[in-house]
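Sequence order for the protein chains is A and B.
Going by my numbering, the first residue of the first sequence is number 68, and it counts up by one from there.
Going by my numbering, the first residue of the second sequence is number 466, and it counts up by one from there.
Beta carbons are placed, not taken as given, at the ideal position from N, Cα and C, and that holds for glycine.
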Amino acid sequence: MPSIRRRLFVTVAAASLLLAAALVIAPLVGSTSISMSRVFDRSTPFADNTDAQIFFIARLPRVLAAALVGASLAAAGVVLQALLRNPLATSDTLGVASGAALGAMIAITFHLDFRVAGISSIPLASFIGSVAALGVIYALSSARRRGLSTTVLLLGGVTMQAFFSAVILFLQYWADFTDTGRTLRWLMGTLDVGSYAPIVAVLPVVAAAFGILATLPRPLDLISLGSEAAAARGVDVVRAERLALVSASLSTAAAVSLAGPVGFIGLIVPHLVRLIVGSDHRLVIPASMLGGAAFLIACDLVARTAFAPLELPVGIVTALIGGPFFLWLLLRAAR
Amino acid sequence: MKRIVACVLIVGFCACRAREAAVASREAAATSPRRIVSLIPAVSEMIYAMGAGDRLVGVSNYDRFPPEVRQLPKVGGLIDPNVERILELRPDLVMVYATQKELIERLERAKVPYYVYQHRALPDITETIRSVGARIGSTDPANTVASRMEQSLAAIRASMASLPHPSTLLVFGRDPGSLRSVYASGGYGFLHDMLEIAGGTNVFGDVKQQSVQATTEMLLARKPDEIIELRYGERMTAEQAAQDLRVWNTLASIPAVKNHRVHLLVGDEFVVPGPRVVDATRALAHTLHQEAVQ
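Below you can see the structure in the form of structure tokens.
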């Protein structure tokens, strides 16, 4: 067995290469064909250069958003699967994504129109919604001094999800028909962010989430075996669990506010990564983040080109891949 | 088109038959209904336009025009018709969408006649007016309204014929304050037809759908010469409107943006496929060709 350092190096290097390839190839392909020499042609002013505008305003932000969202959702999936000791846990399980969806619904239905630092109302409202959901989860976990019961968290998450969905349906009942259509489209998830501002805005949140996550691989390894075992090995289980929750919730909030609830990334990527590198979180976390970024870029590439000149919302593609994968996973677990 | 009319006629005919069997004595009432409930804003407008508005006893939650509809009881909408309220109004004719299968079944069980509506392209609007007129016993006024509309639309088309038809992006929805979730008219449906009559070429004319969700890349690649945004159901000051259109400036390479040809039209006549499509088409023509239209 090679040393962990060596395995970490190989894993991260391979995953980084994959991501780098995705980052380079994806902006070159799209629903329209553009010429790279025109894109970097300095003699035409940027405002008149359609190819450059497509490259820098339409594609690059979309690819970067895909990378950020893919990495965040995959990381959240890893954390929650370890924390809840449940292979099917994802950020949807905790109700954070539905909290975000509720926020977006409110903004769409009531035609809220405000901007903070260049960010429009719908992403802001969805971020507020997911942070509110996080607040409830955190209160739930703090209410039990001796650490959180995974059953309570799972049930709490499922309950919150059902409750938020009910509120969403209630809102849709009152909403104008055209707004209902828009909320439905929002729920599919789309990466067409149209500028860099929304990406920059969620960067600090993602950085905070990943910063917390960097301290957690070892505790997560032990917690995923059982909290008593972890405590016996000197892990402050309560603290580690809360940090993990906050990290997963923040990264989910950032991802959902940027792209809507893109499904299945938190499920597919961590499982594929574990199949390849094993269950050591020192490897699983970085590999899932890099692999999640590359995977979502690839899915979005399919979404952008499969029906050219039309472009699909990426959530449809991930769901079409994710659904069968989910079933395969269930069959595999049943064996 | 003929098939739709045929379907509508057959369904209408069956509805009549069912009712005749049940209440043969009130045969006259079935041919000339006195208590009409309309779940379709466009059809309510048509009924008012043919001078039969006083026979409407209930409308949908989304009816806004003419102002008289505000006084009438509201009975739900496309996805949530309130059957109990509809029956409570004792209608002798209910105007329903073809997709409201469940409502249609319940009306059949209650032996309430109904008229099935489907909205498609612009020519279907006057067809529908004629067929609604025939159904409610207002054939002559309905034909007059329909013919006048057809003449007006033909006149607008003729006056635009010799003018250049700039490629136009017709937007009917997007997220506020950003260019995300832009919904534009595709090459099918009454918005597309209105635009073509008004002297524009739909930039998504080749996409045979009623609506297109246009991404940033699609907007940039299609390079429309004109952008017209339609808004409905909201009031905004000129300043708010100007502020709101400023988000387009990011996409400076689009000719419409570069040449300050991004327009905002406010009013629900743009999204209700009823008699006011003539006004709406005229407004579109005026926006695209200020000089040529009075």
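Discussion item. Contact criterion: CB-CB distance below 7 Å. Does residue 323 of chain A meet it with respect to chain B?
Written reply: As a first step, residue 323 of chain A must be located in the first sequence, where it is residue number 256. False, the Cβ-Cβ gap to chain B never drops below 7 Å.
Worksheet item: Taking C-alpha atoms, which residue in B/751, B/566 and B/657 lies nearest to residue 586 of chain B?
Response: As a first step, residue 586 of chain B is located in the second sequence; it is residue number 121 there, counting from the start. Measuring from the Cα of residue 586 of chain B, the nearest candidate turns out to be B/657.
Worksheet item: How long is the line joining the alpha carbons of residue 227 of chain A and residue 200 of chain A, rounded to whole angstroms?
Response: If you number the first sequence from 1, residue 227 of chain A lands on position 160. If you number the first sequence from 1, residue 200 of chain A lands on position 133. The C-alpha of residue 227 of chain A lies about 8 Å from the C-alpha of residue 200 of chain A.
Fill in: Between the CA atoms of residue 667 of chain B and residue 654 of chain B - distance to the nearest angstrom
Here residue 654 of chain B corresponds to residue number 189 of the second sequence, with the count starting at 1. Here residue 667 of chain B corresponds to residue number 202 of the second sequence, with the count starting at 1. C-alpha separation (whole angstroms): 12 Å.
Worksheet item: Whose C-beta lies closer than 8 Å to the C-beta of residue 310 of chain A among residues of the same chain, with five residues either side of it excluded?
Response: The count along the first sequence starts at 1 and reaches residue 310 of chain A at position 243. Around residue 310 of chain A: 279, 282 and 283.
Worksheet entry | residue 544 of chain B in three-state terms, based on DSSP | Taking the first residue of the second sequence as position 1, residue 544 of chain B is located at position 79. DSSP places residue 544 of chain B in the coil class of the three-state scheme, outside both helix and strand.
Fill in: Any C-beta of chain A under 7 Å from that of residue 552 of chain B
As a first step, residue 552 of chain B is located in the second sequence; it is residue number 87 there, counting from the start. So, not an interface residue.
Fill in: Nearest residue (CA-CA) to residue 725 of chain B, options B/707, B/597 and B/576
The sequence position of residue 725 of chain B within the second sequence is 260, counting from 1. For residue 725 of chain B, the closest of B/707, B/597 and B/576 by C-alpha to C-alpha distance is B/707.
Fill in: Neighbouring residues, chain B, relative to residue 240 of chain A (Cβ below 8 Å)
Position 173 of the first sequence holds residue 240 of chain A. Result: 545.
Item to complete: Whole angstroms is fine: what's the gap from residue 664 of chain B's alpha carbon to residue 371 of chain A's?
Response: Here residue 664 of chain B refers to the residue found at position 199 of the second sequence. Here residue 371 of chain A refers to the residue found at position 304 of the first sequence. Cα to Cα, residue 664 of chain B sits roughly 32 Å from residue 371 of chain A.
Item to complete: Under 6 Å Cβ to Cβ from residue 713 of chain B, same chain only, skipping five residues before and after it: list those, please.
Response: Working through the second sequence from its first residue, we reach residue 713 of chain B at position 248. Within the same chain, and ignoring the five residues on either side of residue 713 of chain B in sequence, the residues whose Cβ sits closer than 6 Å to its Cβ are 722 and 727.
Discussion item. Between the region 562-575 of chain B and the region 593-600 of chain B, can you find at least three pairs of beta-carbon atoms closer than 8 Å?
Written reply: As far as the Cβ criterion goes, the region 593-600 of chain B does not touch the region 562-575 of chain B, which means the pair count is below three.
Worksheet item: Can you name, in chain order, every residue of its own chain whose Cβ lies under 7 Å from the Cβ of residue 130 of chain A, other than the five neighbours on each side?
Response: Taking the first sequence and counting its residues from 1, the one referred to as residue 130 of chain A is at position 63. If we look at residue 130 of chain A and ignore the five residues flanking it on each side, its Cβ neighbours are 90, 93, 94 and 364.
Practice prompt. Could you work out which residues of chain A lie near residue 541 of chain B, taking near to mean beta carbons separated by less than 7 Å?
Written response: Translated into positions along the second sequence, residue 541 of chain B becomes position 76. Those do not exist, as residue 541 of chain B stays about 10 Å from chain A at its closest Cβ, beyond 7 Å.
Discussion item. Residues in the same chain with beta-carbon distance under 6 Å from residue 316 of chain A, minus the five sequence neighbours each way, listed in chain order, please.
Written reply: Along the first sequence, one-based indexing puts residue 316 of chain A at 249. So the list reads 163 and 201, once near-sequence residues are dropped.
Worksheet item: Mind checking residue 253 of chain A: buried by the 16 CB within 10 Å criterion, or exposed?
Response: To locate residue 253 of chain A, count along the first sequence from 1; it is residue 186. By the 16-neighbour rule on beta-carbons within 10 angstroms, residue 253 of chain A is buried.
Worksheet item: If you measure from the beta carbon of residue 642 of chain B to each beta carbon in chain A, is any gap under 7 Å?
Response: One-based indexing of the second sequence puts residue 642 of chain B at position 177. The beta-carbon of residue 642 of chain B is placed less than 7 Å from the nearest beta-carbon of chain A.
Worksheet item: Leaving out five residues before and five after residue 499 of chain B in sequence, what residues of the same chain have Cβ atoms less than 7 Å from its Cβ?
Response: In the second sequence, counting from the first residue as 1, residue 499 of chain B sits at position 34. Non-local beta-carbon contacts of residue 499 of chain B in its own chain, meaning distances under 7 Å to residues more than five positions away in sequence, involve 520 and 557 in chain order.
Worksheet item: What residues of chain B sit near residue 125 of chain A, judged by a beta carbon separation below 9 Å?
Response: Here residue 125 of chain A refers to the residue found at position 58 when the first sequence is read from its first residue. Near residue 125 of chain A (Cβ distances below 9 Å), the residues of chain B are 680, 681, 682, 683, 684, 685, 686 and 716.
Worksheet item: Which ranges would you report for the alpha helix (DSSP H) in the region 285-311 of chain A if only whole runs of at least 4 residues count?
Response: If we require 4 residues or more, the alpha helix (DSSP H) runs fully inside the region 285-311 of chain A come out as 294-299.
Fill in: Where the alpha helix (DSSP H) containing residue 612 of chain B begins and where it ends
Start at 1 with the first residue of the second sequence, and residue 612 of chain B comes out as number 147. Residues 604-626.
Worksheet entry | Residue environment, residue 219 of chain A, which counts as buried when at least 16 other CB atoms sit within 10 Å | Here residue 219 of chain A refers to the residue found at position 152 of the first sequence. Counting Cβ neighbours within 10 Å, residue 219 of chain A comes out exposed, since fewer than 16 surround it.
Fill in: Residues from the region 90-115 of chain A in contact with chain B, defined by Cβ distance under 7 Å
Taking 7 Å as the Cβ-Cβ cut-off against chain B, the residues of the region 90-115 of chain A that qualify are 97, 98, 99, 114 and 115.
Worksheet item: How about residue 764 of chain B: is its C-beta nearer than 7 Å to some C-beta of chain A?
Response: Here chain B comprises residues numbered 466 to 759, so residue 764 of chain B is not present and cannot be evaluated.
Worksheet item: So, does the CB of residue 180 of chain A fall closer than 7 Å to a CB anywhere in chain B?
Response: The sequence position of residue 180 of chain A within the first sequence is 113, counting from 1. Yes, because at least one Cβ of chain B sits closer than 7 Å to the Cβ of residue 180 of chain A.
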